[in-house]
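Asker:
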């Protein structure tokens, strides 16, 4: 859940509902939602054998995938290729090599595989093999590494000058790019991106350094440069930009911009510990929030640790009955005990759904439901089962239960062992079985756990250098998007910004993320 359908995650950065989720290297709609940050990608068919996260078989398969100059269809399960053609996968990897250079090695961060390249890294957010060693699920996103931390001010200024030259004309000058880059990202694609930015933000003004990176300044907004590299001849070999951030002058302008979005929108901006909100747009409205509901589980874990009923180093058993679907990788890990602290980090940073269900099972639902103000909430596995078309009768029974908590729990007990869907969904599906929480409560849930390391591992849309501290959780699936961030400014003031968007149609996530990022910038 976690950044495509996830039942919850983002900007995340994790958009894992699809078999393949490689972030576009040239234009990327701000974080996501990886982390931040959800979604349940397609999973292996019933005959698939889960591959341990660090198993030799999976490691060899990933190394082969990242190192090969050309991909082979035999490395992927037929069902995978039916949804994501080999040509599309090859195009993604060509862009990766153009931006990041040659593959160096496969490392691990904790238990998560990380592909290290000459100029960057990708963390594997989902990977699974079938009995024949073919990939049935795969997702990857840029690893959170700092861009060239050793750049001098002179080097940063020189790069800003080149970026200004690149973006100043009506079209990009192909002579400024390495041929390998243009082979991966044709000039027509570059020009289309350039035209789209000027259409939405006005004329390009300049590029300027920002920390150890750069920002493109337009008349009506900015665009962050997430990665930029040149070769010895001064030709561009890598360029990755984030989502457009519109220029907002006041929080009232932000409120008006959010209010223009179609569907149901809720936004709250509040200074923590103070009185009236600074921005309130339907802050009391209950909307689906995807994986952001996991803040309530983290809060209950913290409470039970403080009460001595649980320890951060306590082991929680992973069994087959508790395996959910991605986002995350724990569903493919070996059975055994995993520390609470590790599960908490996975749940928040990676929006790992199996880690979520393990913790929910460990602390019990009563306390979590009280924090959410709900009764009879589903686990992530149960939610996936209810959305499975093969379980249509269960979904009807769940809906028929209405507000009868006992009847809902009876249906959820059946969903706990019902078949999971073989793949994710690309359109809003059964949103009524989501987790419904208002932004006012989400800010209170975040305030309770913002001091925990788990909430500070993934900044979401916020630029960490703008603030003294950032705590974040997001959630998403088709038709659902929430971002909740608590920031402490360098002047010592603490704010919460929570925004939710629900719509029974596809969401313009780039627009929403840009508005959210612009709102955060007003609070710096």
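In mature numbering (1 follows the signal peptide of the UniProt record, and there is no 0), the protein residues as written are -34 to -1, 1 to 490.
Think of the CB as a built atom: it goes at the ideal place given N, C-alpha and C, for glycine as much as any other residue.
1. For residue 71, which beta-bridge partners are listed by DSSP?
2. Per DSSP, residue 460 is paired with what?
3. Can you tell which of 187, 228, 297 has the C-alpha that lies nearest to the C-alpha of residue 94?
4. With DSSP run on the structure shown, which of helix, strand or coil describes residue -12?
5. Nearest to residue 171 by CA position, among 162, 177, 181, is which residue?
6. Given a cut-off of 7 Å, decide if residue 28 and residue 88 are closer than it, judged by their beta-carbon atoms.
7. State the start and end residues of the unbroken alpha helix (DSSP H) segment that holds residue 62.
8. Among the residues of its own chain, which have a CB less than 8 Å from the CB of residue 415, if the five just before and after it don't count?
9. Could you work out which residue in 26, 486, 453, 425 is closest to residue 413 when comparing CA atoms only?
10. Can you tell me whether residue 443 is buried or exposed, with buried defined as 16 or more other CB within 10 angstroms of its CB?
11. Less than 7 Å between C-beta atoms, sequence neighbours within five positions excluded: which residues of the same chain meet that for residue 228?
12. Who pairs with residue 323 in a beta bridge, going by DSSP?
13. Please return the same chain residues whose Cβ sits closer than 6 Å to the Cβ of residue 190, not counting the five positions on each side in sequence.
14. Please state the DSSP three-state secondary structure of residue -5.
15. At what residues does the alpha helix (DSSP H) containing residue 406 begin and finish?
16. Quick one: Cα of residue 136 to Cα of residue 178, how far?
17. Report all residues from its chain with a CB closer than 7 Å to the CB of residue 134; omit the five preceding and five following residues, and keep chain order.
18. Does residue 393 come out as helix, strand or coil in the three-state DSSP assignment?
19. If you draw a straight line from the alpha carbon of residue 484 to that of residue 220, how long is it in whole angstroms?
20. Can you tell me whether DSSP reads residue 112 as helix, strand or coil?
21. For the stretch 160 to 167 and the stretch 222 to 237, state whether three or more C-beta atom pairs, one from each stretch, are separated by less than 8 Å.
22. By DSSP's criteria, residue 537 is part of a beta bridge. Which residues make up the other side?
23. Here's the rule I'm using: 16 or more other beta-carbon atoms within 10 Å means buried, otherwise exposed. How should residue -19 be labelled?
Answerer: Judging by the given coordinates:
1. Answer is 82, bridged to residue 71.
2. In the DSSP assignment, the residues bridged to residue 460 are 454.
3. Nearest in C-alpha terms to residue 94, of all of 187, 228, 297, is 297.
4. Confidence in residue -12 is poor, its pLDDT being 29 and thus under 50, which makes the residue's placement too unreliable to answer from.
5. It is 181 whose Cα lies nearest to the Cα of residue 171.
6. Against a cut-off of 7 Å, the Cβ pair of residue 28 and residue 88 comes out as no contact.
7. Residue range 52 to 66 is occupied by the alpha helix (DSSP H) that includes residue 62.
8. Excluding positions up to five away in sequence, the list reads 261, 264, 265, 268, 421, 437.
9. Taking only the C-alpha atoms, the option nearest residue 413 is 453.
10. So residue 443 ends up on the buried side.
11. Counting only Cβ-Cβ distances below 7 Å, and skipping sequence neighbours, we find 469.
12. Answer by DSSP bridge pairing: none, since residue 323 is not bridged.
13. Within the same chain, residue 190 has close Cβ partners 181, 208.
14. For residue -5, the pLDDT reaches just 27, beneath the cut-off of 50, and the residue's location in the model is therefore unreliable, although a value from the coordinates is still provided. In the three-state scheme derived from DSSP, where H, G and I count as helix and E and B as strand, residue -5 is classed as coil.
15. Looking at the DSSP string, the run of the alpha helix (DSSP H) that includes residue 406 is 405 to 415.
16. Straight through space, the alpha carbons of residue 178 and residue 136 are spaced by roughly 27 Å.
17. Hits under 7 Å: 170.
18. Looking at residue 393 - three-state DSSP - the assignment turns out to be coil, as it is neither helix nor strand.
19. Rounded to the nearest whole angstrom, the C-alpha separation of residue 484 and residue 220 is 8 Å.
20. Confidence is the limiting factor: at residue 112 the pLDDT is only 46, short of 50, which leaves the residue's position unreliable, though a coordinate-based value still follows. Secondary structure at residue 112: coil, using DSSP grouped into helix, strand and coil.
21. With the cut-off at 8 Å, the stretch 160 to 167 and the stretch 222 to 237 do not touch.
22. Here the chain comprises residues numbered -34 to 490, so residue 537 is not present and cannot be evaluated.
23. Unreliable placement is indicated for residue -19, whose pLDDT of 30 sits below 50; no coordinate value is reported for it.
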